[in-house]
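Residue numbers (my numbering): 55 to 299.
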């Protein structure tokens, strides 16, 4: 999961980055509203965490401009402003949630996960695809209720595929999700990760193929049983009985 943090208090920013990194999130951060605005427009984030009291322009203006530019990335306001009017204004400008400082780490993580799930069309933290279960909160994978052990990169790929199940994802999108623009390797590394992930899934499911290659475009996650059902030939029409004449 990739997060943009717009926070001018360096100690708070470092604390948030540390706790999110511990949960496996990739975090880009800035202390300026203008920078947050431009970065938020340029890159595809799963969520933006936005402070309101910034040194150049306030968070409300950042929020307003992002929504005016039709940026649909979920935005969580994280602010020391606790008045109800502040919360109403932020939500009215297009924020998805509002959390006041000081905050509990567990609540921040839970809110981020819930917001991202809803934005991808998932109300639950569990995403099921055929015999495969991905738990977004615990970052674990099971096949038929048995744990499937994946590396961090393999899980990251499966997480993104699950969140956007049925959608073809490009290799650039996987690089963004896994590396967040920092020291990105060549695109072909994604093919390597997907190949290893496929082998583990196939071994655990007796050969089922969950990750389909869309040539020239990328990869998509599908339920193999649904694919079999869709590809099966239709049943023959019933023979009409000839009327006795």
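All C-beta atoms in this analysis are idealised placements derived from N, C-alpha and C, irrespective of residue type, glycine included.
Endpoints, alpha helix (DSSP H) assigned at residue 264: Sequence index remark: in the chain shown, residue 264 carries index 210 (1-based). For residue 264, there is no enclosing alpha helix (DSSP H), as DSSP marks it with neither H nor E.
Assigned secondary structure, residue 201 (DSSP; H/G/I helix, E/B strand, else coil): Translated into positions along the chain shown, residue 201 becomes position 147. Reduced to three states, the DSSP call for residue 201 is strand.
Boundaries of the beta strand (DSSP E) in which residue 171 is found, first to last residue: Translated into positions along the chain shown, residue 171 becomes position 117. Not the beta strand (DSSP E): residue 171 falls in the alpha helix (DSSP H), residues 159-173.
Three CB pairs or more closer than 8 Å across the stretch 240-250 and the stretch 150-164: With the rule of 3 Cβ pairs closer than 8 Å, the stretch 240-250 does not count as touching the stretch 150-164.
Unbroken alpha helix (DSSP H) run spanning residue 139, endpoints: As a working note, residue 139 is residue 85 in the chain shown. Where residue 139 is concerned, the enclosing alpha helix (DSSP H) stretches over 138-146.
Element boundaries [alpha helix (DSSP H), containing residue 211]: Position 157 of the chain shown, counting from 1, holds the residue named residue 211. Per DSSP, residue 211 is one residue of the alpha helix (DSSP H) stretching across 206-217.
Where residue 139 falls, given that 16 or more other Cβ within 10 Å makes a residue buried: Residue numbering aside, residue 139 sits at position 85 when the chain shown is read from its first letter. That one is exposed.
Residue 56 versus residue 261: straight-line alpha-carbon distance, rounded: Looking up residue 56 in the chain shown gives position 2. Looking up residue 261 in the chain shown gives position 207. Distance between the alpha carbons of residue 56 and residue 261 is about 32 Å.
For residue 99, three-class secondary structure by DSSP: Looking up residue 99 in the chain shown gives position 45. Of the three classes helix, strand and coil, the one that applies to residue 99 here is coil, per DSSP.
Beta-carbon contacts of residue 214 that lie in its chain and below 6 Å, excluding the five residues immediately before and after: Mapped onto the chain shown, residue 214 falls at position 160. Taken in chain order, the residues that qualify are 231.
As assigned by DSSP and simplified to three states, the class of residue 110: As a position in the chain shown, residue 110 is number 56, starting the count at 1. Looking at residue 110 - three-state DSSP - the assignment turns out to be coil, as it is neither helix nor strand.
Distance, residue 79 Cα to residue 68 Cα: By 1-based counting over the chain shown, the position of residue 68 is 14. By 1-based counting over the chain shown, the position of residue 79 is 25. For residue 68 and residue 79, the gap between their C-alpha atoms comes out near 14 Å.
Residue 101 vs residue 179 beta-carbon contact at 9 Å: What you label residue 101 is simply residue 47 of the chain shown in a count that begins at 1. What you label residue 179 is simply residue 125 of the chain shown in a count that begins at 1. No, these two residues do not count as a Cβ contact at 9 Å.
Status (buried if at least 16 other CB within 10 Å, exposed otherwise) for residue 216: Against the chain shown, residue 216 aligns to sequence position 162. Here residue 216 is buried, its C-beta having at least 16 other C-beta atoms within 10 Å.
Supposed close pair residue 150, residue 130 - CB separation, criterion 8 Å: Stepping through the chain shown from its first residue, residue 150 is reached at position 96. Stepping through the chain shown from its first residue, residue 130 is reached at position 76. 6 Å between Cβ atoms; contact.
Sequence-distant residues of the same chain with beta carbon closer than 7 Å to residue 206, five excluded per side: Your numbering for residue 206 matches position 152 in the chain shown. Within the same chain, residue 206 has close Cβ partners 78.
Residues sharing a beta bridge with residue 151, DSSP: On the chain shown, residue 151 is found 97 positions in, with the first residue counted as 1. Residue 151 pairs with 130.
Residue 96 classed as buried or exposed, judged by whether at least 16 other C-beta atoms fall within 10 angstroms: Sequence index remark: in the chain shown, residue 96 carries index 42 (1-based). Counting every other CB atom within 10 Å of its CB across the protein chains shown gives residue 96 a total below 16, marking it as exposed.
Buried versus exposed call for residue 123 [16 or more other C-beta atoms within 10 Å across all chains shown]: Walking along the chain shown from the start, residue 123 turns up at place 69. It counts as exposed.
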